[in-house]
Amino acid sequence: MSVWRMVFREIGHRKLNFCLGVLAVTAAIACIVGAQSLLQADKLITREVLSARQSEVEAAIEAKEADVERAGAALQEVMRKQMLGLGFNVLILPEGQDLAELHLSGGLSATMPEEYVTRLADSNIVTVNHLLPSVTRRIHWDEKDLDVILVGTRGEVPIMHRALKKPLLDAVAPGNMVVGYEVHKKLNLSEGDTVTLRGREFTISTRHPQRGSEDDATIWIDLRQAQELLGLENLIHAILALECDCAGDRISVIRQEIAGILPGTQVIERYSQALTRAESRDAAKRAADEALAREQAAGEELLTRETRSRADLENRHAQLASVLVPVVVAACALMIGLLSYVNARQRREEIGILRAIGLQARQIMIVFLSKAVLIGLVGGVMGALAGLAVLAVVHQDEVVTVPAAEVVRSSSVSTMLLLAVALAPLLAGLASWIPGVLAARQDPAVVLQGD
Amino acid sequence: MLSLTNVSKSYNGASGPVQAVDNVSLELGPGSFIGIQGPSGCGKSTLLLAAGGLMRPDSGSVRIADEEIYALPPDRRAEFRGKTIGFVFQQFHLVPYLSVLDNVLAAALAVKSADSEKVRERARQLVDRFGLSSRRHHVPAALSTGERQRTALARALLNEPQCLLADEPTGNLDRENSRVVLDALAEFAAAGGIVLLVTHDEQAAQRAETVLVMRNGRIIRETPHG
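One line per chain: the protein sequences are A and B, in this order. Just so you know, we're using the numbering used here here: the first sequence kicks off at 344 and counts up by one. Just so you know, we're using the numbering used here here: the second sequence kicks off at 22 and counts up by one.
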């Protein structure tokens with residue numbers, strides 16, 4: 344017969360009492376651990392949700408900024424091309440070309456060697472950016488019975504000493520034809536249609552919208568093919584120099600520079616709205632930059648709002664936890680304490696008997712405390728597991744979930760787990776110890792005679 | 022030797038202090054079988070509890086085997102009580118969750134130096150002696166009142182005490198069980214032990230060699246039965 348045998352006999356004899364004790368401690372510890380775990384899980388989930396939201400917002404802002412930047416760039420490009428006609432351009436013509444012919448018929452008759460454009464491109468000219476050689480003649484398109492201005496172009500000739508600039512005008516590929524508005528409207532032409540011009544077949548590659556100029560009655564084909572059709576091999580009528588760096592009175596400087604390179608030519612200013620064009624392009628760039636800046640500011644404000652609301656939410660959680668957790672812990676501790684106290688108090692007669700037959704206070708305390716500590720330990724472990732199980736049950740349908748291990752690893756929950764498992768037996772033992780030690784100190788007769 | 026000298030004990034009653042034991046002195050040598058009788062409330066149970074070291078008297082001294090038991094610290098007194106005194110109560114006071122054998126063996130917990138095998142053997146002998154062999158694994162709730170009292174008697178005798186103090190041990194028993202209990206007490210005294218028996222039962226009192234009659238906390242008469 345040992346004290347431990349007494350402990351286990353008593354547990355076996357009062358199974359329901361033991362089970363209820365364990366259940367009560369389990370419930371209390373489950374409340375503590377569950378409350379803390381739920382709060383922690385909620386905190387982690389909120390953090391996840393807010394982080395995801397923040398990432399979404401950041402990505403959306405980045406995407407929008409990229410969109411705005413692209414749109415700005417596109418706007419600038421469109422503006423650049425649209426402003427082409429307003430550019431400060433010069434036309435280099437053979438010296439003998441009658442300018443009245445150009446203004447009256449839109450065509451030219453005097454020619455110069457095509458090699459001129461190469462010479463100009465190879466020179467160190469600084470006042471001209473883009474060179475566009477062409478042949479231009481007003482013809483009757485026999486196959487369609489229509490008067491048109493035929494322009495042969497080979498696209499821009501790169502200026503060799505400069506960094507390559509993005510071309511303002513694209514070349515027309517051999518066999519293709521670009522048609523002005525009035526031409527394709529009258530002839531009912533669509534892109535992809537095949538037409539014949541002076542016995543040669545061409546495919547319509549581009550149809551220009553209405554421009555309100557001689558371009559509407561113009562067709563463009565490859566320079567080489569145009570030269571062949573017009574019998575002007577290796578000859579051109581004009582070189583269009585675009586985007587000249589020649590605002591104001593610098594036209595005389597250009598004339599002088601070109602005359603030095605291409606003797607026997609004349610230079611005329613084709614259009615004079617260079618300043619307007621530059622301003623428009625600047626305005627487009629400014630508008631794009633401002634739109635981008637507005638987007639960035641709006642994005643930053645949104646992010647600031649998100650961050651602030653996240654901090655507010657976390658603060659509210661922290662405040663709730665700081666009130667809720669101590670209240671739950673205190674209530675559960677009180678519950679465990681009272682249960683153990685009542686149990687020990689109900690067994691005072693046993694204390695009297697054991698004391699009467701000679702057991703020492705220490706032995707009696709072992710009998711009582713062992714059971715209480717055992718209840719606390721079993722209940723503590725079961726309660727901790729039940730508390731974590733609550734977490735799994737409550738969060739199983741959540742869209743955002745956090746692994747239980749992550750919750751358990753968090754310092755507050757792991758501390759609470761350890762505390763709960765250690766606290767439950769300690770509290771149960773302490774609560775049993777008080778009535779036990781009081782009864783063990785009294786004369787056995789007093790305890791045996793009862794209250 | 023059990024010696025009480027000028028022992029007094031009072032309680033706080035509803036209408037003021039009640040003198041339960043009033044300056045009582047007794048001396049019981051080995052082989053003594055003393056009965057105490059008297060009306061209810063005369064102080065006989067209080068005298069027995071004080072004599073057994075279960076209730077500290079207000080004044081006076083209680084000596085057993087030359088040991089002033091109330092001078093001992095509580096744990097030493099408990100151990101001394103476990104070794105020296107056996108108790109039998111009217112209400113049995115068995116541990117409800119222990120079997121008959123374990124209830125008897127529980128008394129051995131008070132004796133640190135006890136040889137557990139010998140103690141176990143003696144417990145079995147006592148259980149057999151009191152006719153409880155077939156009930157040794159039953160808890161008190163499954164026993165008759167007579168069996169419970171015999172279990173309590175076996176427990177009281179396990180540590181081979183010098184004194185046996187019995188408070189109305191036959192109060193709840195039938196004639197046959199009373200006889201078994203009283204025979205055991207007489208046998209204990211005949212073997213050199215000291216028996217102090219508190220009883221209302223005239224037949225039980227007849228078994229004692231001397232009967233002390235108490236009234237109002239005092240011994241008023243001593244009747245030898247010799």
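Idealized CB from N, CA, C, for every residue including glycine. No experiment lies behind these values; they were computed from the predicted model shown.
| query | result |
| --- | --- |
| Closest Cα partner of residue 25/B within the set 54/B, 90/B and 56/B | 90/B |
| Outcome for residue 386/A when other beta-carbon atoms lying within 10 angstroms are tallied against a minimum of 16 | buried |
| Minimum Cβ-Cβ distance from residue 346/A to chain B less than 8 Å | yes |
| Extent of the continuous beta strand (DSSP E) run through residue 38/B | 37 to 49 |
| Minimum Cβ-Cβ distance from residue 299/B to chain A less than 8 Å | Nothing in the structure corresponds to residue 299/B, since chain B is present only between 22 and 247. |
| Integer-rounded CB distance, given that residue 206/B should sit under 8 Å from residue 185/B | 6 Å |
| Reference residue 781/A, options 726/A, 600/A, 687/A and 541/A, closest by Cα | 687/A |
| Within-8 Å CB hit, residue 29/B to chain A | no |
| Proximity of residue 74/B and residue 235/B at Cβ, strictly below 8 Å | no |
| Nearest neighbour of residue 83/B, chosen from 44/B, 154/B and 135/B [CA to CA] | 44/B |
| Inter-residue Cα distance where the pair is residue 78/B and residue 779/A | 23 Å |
| Assigned exposure category for residue 176/B - 16 Cβ within 10 Å defines buried | buried |
| Alpha-carbon spacing of residue 572/A relative to residue 543/A, whole angstroms | 9 Å |
| Whole-angstrom distance between residue 558/A and residue 461/A, CA atom to CA atom | 26 Å |
| Below-8 Å beta-carbon distance, residue 38/B vs any chain A residue | no |
| For residue 565/A, the three-state DSSP class (helix, strand or coil) | strand |
| Sub-8 Å separation of residue 411/A and residue 645/A beta-carbons | no |
| Simplified DSSP assignment, three categories, for residue 33/B | strand |
| Rounded straight-line distance, which links the Cα of residue 120/B to that of residue 200/B | 24 Å |
| Residue 140/B - DSSP class collapsed to helix/strand/coil | helix |
| Best match in 203/B, 98/B and 62/B for proximity to residue 703/A [C-alpha to C-alpha] | 98/B |
| Short Cβ contact (8 Å threshold) for residue 440/A with residue 609/A | yes |
| Within-8 Å CB hit, residue 114/B to chain A | yes |
| Three-pair Cβ contact test at 8 Å for the region 708 to 719 of chain A versus the region 397 to 413 of chain A | no |
| Helix, strand or coil at residue 455/A [DSSP, three-state] | strand |
| C-beta contact flag for residue 116/B and residue 128/B at 8 Å | no |
| Any chain A beta carbon closer than 8 Å to residue 108/B | yes |
| Cutoff 8 Å; reference residue 535/A; Cβ partners in own chain excluding five residues on either side | 546 and 547 |
| Residue 467/A in three-state terms, based on DSSP | coil |
| CB-CB length for residue 174/B against residue 202/B, believed under 8 Å | 6 Å |
| DSSP-derived helix/strand/coil call for residue 212/B | coil |
| Cβ-based neighbour list, residue 664/A, same chain, cut-off 6 Å, excluding 5 preceding and 5 following | 382 |
| Of the listed residues 122/B, 193/B and 214/B, nearest to residue 110/B (C-alpha basis) | 193/B |
| Residue 510/A versus residue 487/A - alpha carbon distance | Residue confidence for residue 510/A is low, a pLDDT of 49 falling below 50, so the modelled location carries little weight; the figure read from the coordinates is stated next. Going from the Cα of residue 510/A to the Cα of residue 487/A covers about 32 Å. |
| Straight-line Cα distance separating residue 396/A from residue 357/A | 56 Å |
| Endpoints, alpha helix (DSSP H) assigned at residue 108/B | Premise fails: residue 108/B lies in the beta strand (DSSP E), 106 to 110, not in any alpha helix (DSSP H). |
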